[in-house]
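Below is one structure, written out as structure tokens, with a few remarks after it.
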Amino acid sequence: MKKYLFLFIASLFLASAAFAADSQIWDAMRVQNILGYGQEGSYKLGQLFTMLQANYFAQVYLAVLVGVPAIFVLHYLFLGPKVFSHDGKKIYTFSLLSRIIHQIAAISFIVLIPTGFIMMFGSSFGGGSFVIMMKDLHGLSTIAFGIIVIPMFLIWLKDMFLHWDDIKWLMIVGGYLSKTKKPVPAGKFNAGQKTWYWMATLGGMIMILTGAAMYFLDFNIAMINTMTGLSQIDLLRVSALLHAVVGLGVVILFFVHIYMAVFAIKGAINSIITGYKEEEEVEYLHSSWYKKLKKQGKI
Amino acid sequence: MSSEMSRMKFYCDDDRCIECDGCTVACAEAHELPTGVSRRKVVTLNEGIEGKEFSTSVACMHCTDAPCEQVCPVDCFYIREDGIVLHDKDICIGCGYCLYACPFGAPQFPRDGAFGTKGAMDKCTMCAGGPQETNSVHERELYGQNLIAEGKVPVCAAMCSTKALIVGDAQDVANIYRARIASKGKGVQSAPYGWSKAYGN
Amino acid sequence: MANTWGYGAMTNSLGDIQNAKAIIIFGANPAVNHPVGFQHFLKAKERNNAQIIVVDPRFTKTAAKADIYAQIRPGTDIPFMYGMLNIIFKNGWEDKEFISDRVYGIEDIRVEAAKWTPEKVSDVTGISVEKLMQITRVYAKSTPGTLIWAMGLTQHSIGSSNTRLAPILQLCLGNMGEEGGGTNILRGHDNVQGATDMCCLSHTLPGYYGLSAGSWKYFAKSWGVDYEWLAGRFKDKKMMSAKGFTLARWYAGVLAGKPGEDKIHNGGTNLKAIFVMGNGITSIAQQAKVKEALDNLELIVLADPFVNEAAILTDKQDDVFILPAATQFETSGSVTATNRSAQWRYQVVEPLYESKPDHEIMIEFSKRLGFHKEYTKGMLIKENKTSYKFPEDATDEIARIIKTIGLTGWTSKRLKNHTDNWHMFDEVSLRGHGPMKGEYYGLPWPCWTETHGGSPILYNIHRTVKEGGMGFRNRFGLEHDGQDLLAGAGSAPKDSANKDGYPEITAKNIEKVLGIKLTTDEKKRIGKNWKVDTSHIIANKCMEAGIAPYGNAKARAKVWTFPDQIPMHREPIHSPRQDLAKKYPSYKDKANHYRVDTKYISKQTEKDWSKEFPINLVTGRLVNLNGAGMENRASKYLAALTPEMFCDINPGLAANHGIRNGDMMWVHSPEGTKIKVKAKFSFSVPEDRVFLPFHYAGHFQGEDLSHKYPEGTKPYAVGESANTVTNYGYDIVTQIPETKGGLCRVEKA
Amino acid sequence: MTNTTQNALATKIGRRSFLKMAAVAGAFGATSSFASRNVTRAATQDEVKNPFPGSKKVRTICTACSVGCGITAEVQNGVWVRQEVAQDHPVSLGGHCCKGADMIDMVRSEVRLKYPMVKEGGQWKRISWETAFTRISKKLTSLREKSGPDSTIFLGSAKMSTEQAYYFRKFAAFYGTNNIDHQARI
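Residue numbers (the working numbering), protein chains in the order written: chain W, 6 to 304; chain L, 18 to 218; chain H, 964 to 1712; chain Y, 97 to 282.
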């Protein structure tokens, strides 16, 4: 038994050695990477990353972290939330499956985004084990999100294509800039929700892929390198850049989403818990869908 | 180390480097590194092609304006007064950003966590240990020996079989390099890789 | 080489290479095999603008640093060197004075060289005429030039001719005995020179005394035992003087009598037991035969710090003993570097675990085999002691006995003193400073007396004998074919009492050669000749008179006792050029070659090997491993550098066989054996040859033998042994296997 | 807080100082310990000079190849703790190839053979030195009597010291055979 254990450990040892020997970053490619760094004709990704990471990313994120909620506070104070009657009829909007999927996504985002921020401002937390724990949480919740992102993408896909209403919705910013209650042109999902959908699914997938690339670091999938024409190290740099840029969009829309669900529309959060939306809410905020349902006689 | 004059630098003379891997192993052995991490690596390019093959030894170049230090989200890097770029492994979270910023591919990440997670970053310390108590057991375990504190030369350069790898104050290193070029009677070649980056200012 | 001028060793030192103006390297790869030594080559290039010329079948790391590189076909060094000589003679670039004073038999070389026109050489070697001309011009015009070689010249069936022609080339250019010149053979292991000097060899006694009855008598006397008793230990006196089996072919001694095996002459018995100490017998040619032999032995004893992989290779189920020998850091003793310098290797730590130093194991066995008292008596004689201290007393015993290579000065005290003060010696000349003034580092032999400083450059007549000067050794008689073999007038070492050539010094001629008179007492005590004179009278008188005890003779280009009197080209046994194999056939088969009949021409002409096996096979070393690699593969850092056995293959050749980089491939040998290795694309080999490193073991013909290691002893890297596929073929004189010029066939696995 | 942020964004200052500021303003209040880390504690003279107090340096020679590089071994309480640089050696000048740089692992390698073993019935079995000596000697003696001394071959090593090599040659001579060789013949 001990012998097999030993053999197993020895083989792991060798596997790790072989892994290192096949490295795309620290082995044969290393000098090429060095030579390519900052050369004419190269993408200069290393310098770009250094410049952005050193000077801008954290600042912009901090601005978002502080600025976006600040805008919401102002909005809430001056324009106030939309209040709809909770006594009227309820319209069944979200199936059980879609709710489960949403909840998983919600939980993972609630973990992902703060942990992401903690990593970004790791120095404020003194680095070390706490931040590492946050980093591991970030990775673990990605697994949950990774499992449901495709189903989520599929179940809502048919409702998410661009519609004439969306343009109109965008022109008036969903009616959130006025206090008056009047029907807003929108189908089952309004343009804001659609944007969030695309950002959360496609953007989310980009986040997963770029995050995974950075997590696994020294993997060797020749196809990716051939397809993108990037060396492994440049692939990682692109990943880091995309992760930061796309992440910014996700974070902003996530904040908006939370604000809308929790504060801007009173009680809106219940609909994703119970599956039912207030009829009045649908009538005003999703007027096109309301009309369609009426026509079909479903109300 | 008195401050103003010294800026410690490495330089590998590829006319002399023969890929004996002495530096790699000397480093690994002196600091008892896990396998899979080589702080110093010898790379040969154009192997077997007459007139084009050359080898060179790379590790952290202890850049003057170290990009790794700029991008680290947890600020675990610090630059000593003599120019040696070090980091604190107790603070490092193994995010990999320093690697993306580094022109030399110096930072490495031993996969010591569960499921092959990346551990704290490891790189050449120019044999100067880390922020822990000098020559303490804790320092030795995390960073390896602290030869600089003992007043000794980093082990890779000291053990270089052909004296291709030299280390010391940037000015001295440049002088040795120039002396070698001069004795060969050749004009000064284009500066070696990353020279401008690592030796900047 | 010893047959050319007396001693078979590196003539100069590594540091002295810095004095060279040109360095030509045949079949050696110092950048990989002697990296630290190679710094002196690079310094010569840097400081002296020395031209480095590399002649090698493979574009090695050394070639990468060369100024001129010639990719020669394996086994054609002789035509190449004759080609150089042809051009040298034609242009009159040879050192005529040196040749006439100090070399015998060059006329025959001239005749042979005339046949090797550059065009013909080009056809045989594959080197263009222009390149041959360029190399010859550069090398002949830049004197002093040093000539380097290693196993690339010796591991051929014509290895002993190779190692004669290289010195001849140097002699013709007058590069011998000069600073920055010489023939510098780079030895492999740390103490090959020392162990060879002590003659762990089957054809001679320590100090190259040979196996004649006279030599045995000298040793019996020096060891303090009765000659007849010692002779009684042997089967008979005939076997006592018969060369034994060699490392290369010991397996034949086990397998003899089986169908298809070569006949042996071993006193009527096969080999039944093997006793191995620190020898990776998995790195010798013909592994399949070695395995079969191991399986057929009655007793295998392997003493090593690590598991000797012979124990893994064999299927023998009983009576395989593995004994933990201590490493050399757990004992002390002297080691002789490649330049004949000795250093004292101090003990670092006590033997770990249950390991014991080699000598303790031997002494324990001598007790149980009943010859302990006689065995160790030699250590007691000098000071008439009652108990010995190893290794110091053994060092002094060696110094007392071995005169042929001048070890008299190598007392343990002096050797320790040199190591203790190694900082007091110069890097280039090895000269000592301060208290070590007058001595050279490590007392490079010959170190004639206990006050002599050693001889860093052999055959250097510009220095006095006391300072390490000497002419060539008088070893082959005084005349041959009516020609005088002693050196010409005026070519004696500096400040010599005798300016002429002179014979080796004996009790009879000492007065005449040195021009002195011995006292009666001296006449009584003096030994018969310089080789057996333990009274030191000859050595001391010679030092006073500036005379080298071994004489001052001519080097010989012609060795009349060899099958080829002058070096002749003969194609390898397995040659890819069948047309040339007919033109330059191998030797006649040789009976009783180190006790075993050895095939040459019959093997070469058995069939057209090159049809089935069209690819040349070259083996060699890697920088991180050494020998059979046991000790280095047991280090995780070294093993991690090359965790797997591989084969360097040209991408063009690989493409023809559908092999991609990193694929597994088979290498088949004419012996019917095969190995499975990883293909590694490399342009260092052209499309007609592949390269295999020979350090691996633990796999055999595709089978992983890992399970056969005792628990916890498996090295960090295992793989196929390249020597499983090296071909049959042995040197005609030394029986060194022909591993550098075989054939093979490759195939995708 | 908004104020702080805007100020921070407006003034062009380095990221580090900005973050430090943010950290001060932030809820967690953890300060970057960067400043204090810049200064290492002054080690005692003894610590600086030698991390292995009481160790001695032993001059010895590399066992890899015939160049004969010097090694300075640092030994503490009978344990080889590290390899020092033999900068003053006249041939190697402190240089080592990878093998030489790792000589210490020859001694402390975990896969060393630790005790005598014999293969019996295909299985490795640990035995004592005494048993090993006795069993091997018995077998050798009986073979020598039955088939003569030439039935044994001794393969020595170029890795032995000169003295050991000499005694190995002598061993074969006293055993009564010239079947002895070593690696010079490969």
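We put the beta carbon where it would ideally sit given N, CA and C, even for glycine.
At a Cβ cut of 8 Å, what residues of the segment 37 to 49 of chain L count as close to chain H, listed as they run along the chain?
Within the segment 37 to 49 of chain L, the qualifying residues are Cys37, Asp38, Gly39, Thr41, Val42, Ala45, Glu46.
Determine the chain H residues that contact L:Asp197 at a beta-carbon separation under 8 Å, and present them in chain order.
The question names Asp, but residue 197 of chain L is Arg in the sequence shown. By Cβ distance, chain H contributes Glu1009.
Which runs of the alpha helix (DSSP H) fall wholly inside the segment 1115 to 1183 of chain H and span at least 4 residues, in chain order?
1122 to 1135, 1155 to 1160
Sequence-distant residues of its chain with Cβ nearer than 7 Å to H:Ser1124 (five each side left out):
The beta carbon of H:Ser1124 lies closer than 7 Å to those of Ile1041, Asp1527, Pro1530, Met1531 in the same chain, with the five residues before and after it left out.
Closer than 6 Å by C-beta to W:Gly127: which residues in its own chain qualify, once you throw out the five before and the five after it? Chain order, please.
Excluding five sequence positions before and after W:Gly127, the CB atoms of its chain that fall closer than 6 Å to its own CB belong to Val136, given in chain order.
Between L:Thr179 and chain Y, is there a C-beta pair that is closer than 8 Å?
yes
At the 8 Å Cβ level, is H:Val1311 part of the contact set with chain Y, yes or no?
yes
If distances are taken between C-alpha atoms only, which option among H:Leu1132, H:Thr1483, H:Tyr1172, H:Leu1706 comes closest to H:Phe989?
H:Leu1132
Cβ contact (3+ pairs, closer than 8 Å) linking the segment 1567 to 1583 of chain H and the segment 1063 to 1079 of chain H:
no
Tell me whether H:Lys1711 sits in a helix, a strand or coil according to DSSP, three-state version.
strand
Below 8 Å on the Cβ atoms is my contact criterion, and I expect H:Asn1624 with H:Phe1644 to pass it. Report the Cβ-Cβ distance as a whole number of Å.
4 Å
Cβ neighbours of H:Asn1012 in the same chain (closer than 6 Å, five flanking residues each side left out)
none
Compare the beta carbon distance of H:Val1092 and H:Tyr1045 with 8 Å and say whether it is the shorter of the two.
Contact: no.
Straight-line Cα distance separating W:Ile96 from W:Ser292
13 Å
By alpha-carbon positions, which one of H:Val1101, H:Trp1056, H:Thr1126, H:Leu1448 ends up nearest to H:Ala1113?
Of all alpha-carbon atoms in H:Val1101, H:Trp1056, H:Thr1126, H:Leu1448, the one lying nearest the alpha-carbon of H:Ala1113 is that of H:Thr1126.
Excluding the five sequence neighbours on either side, which residues of its own chain have a C-beta within less than 6 Å of the C-beta of W:His107, listed in chain order?
Ile277
Pick from W:Trp294, W:Phe268, W:Lys186, W:Leu222: whose alpha carbon is nearest that of W:His80?
W:Phe268
Straight-line CA distance for Y:Lys195 to H:Leu1604?
11 Å
So with CB distances below 9 Å, who are the chain H contacts of Y:Gly174?
Val1312, Glu1313
L:Cys34 to H:Met1628 span [Cα, whole Å]:
Separation of L:Cys34 and H:Met1628 (C-alpha to C-alpha, rounded to the nearest whole angstrom) is 31 Å.
Please classify H:Leu1441 as buried or exposed, where buried requires at least 16 other C-beta atoms within 10 Å of its C-beta.
exposed
With C-beta atoms as the reference, is H:Leu1193 less than 8 Å away from H:Ala1183?
yes
Residues that H:Ala965 contacts on chain Y, provided the C-beta gap is smaller than 7 Å:
The premise fails here: H:Ala965 is roughly 12 Å from chain Y at the closest Cβ pair, so nothing lies under 7 Å.
Bounding residues of the alpha helix (DSSP H) (the contiguous stretch that carries H:Lys1024)
1024 to 1027
When DSSP builds the beta bridges, which residues end up paired with H:Gly1583?
H:Pro1656
Considering just the uninterrupted stretch of the alpha helix (DSSP H) at H:Gly1661, what are its terminal residues?
No alpha helix (DSSP H) holds H:Gly1661; the beta strand (DSSP E) holding it covers 1661 to 1663.
Check whether the Cβ atoms of Y:Asp246 and H:Met1506 sit closer than 8 Å, and answer yes or no.
no
Is L:Met78 helix, strand or coil when you go by DSSP?
coil
Contact with chain L by H:Gln1002, beta-carbon distance below 8 Å
By this cut-off, H:Gln1002 is an interface position.
When DSSP labels each residue in this structure, what does Y:Arg137 get in the three-state scheme?
Any reading at Y:Arg137 must be qualified, since the residue scores a pLDDT of 42, below 50, and its modelled position is unreliable; the value itself is stated next. In this structure, Y:Arg137 counts as coil in the three-state DSSP scheme.
Taking its Cβ as the centre, do 16 or more other Cβ atoms sit within 10 Å of W:Gly83, making it buried, or is it exposed?
Residue identity differs from the one stated: residue 83 of chain W is Phe in this sequence, not Gly. Burial call: exposed.
Distance check for L:Gly39 and H:Asn1595, CA to CA, integer angstroms please.
Cα-Cα distance, rounded: 13 Å.
Name the two residues that bound the continuous beta strand (DSSP E) containing L:His104.
102 to 104
Please compile the residues from chain L whose C-beta is within a distance smaller than 9 Å of the C-beta of W:Met212.
Within chain L, no residue comes near W:Met212; the closest Cβ sits about 15 Å away, beyond 9 Å.
Beta-carbon neighbours of L:Ile35, restricted to chain H and to distances below 7 Å:
Ala994, Pro998, Phe1001, Lys1024, Lys1028
Under 8 Å, with one C-beta from each stretch per pair, do the segment 257 to 266 of chain Y and the segment 1157 to 1166 of chain H reach the 3-pair mark?
yes
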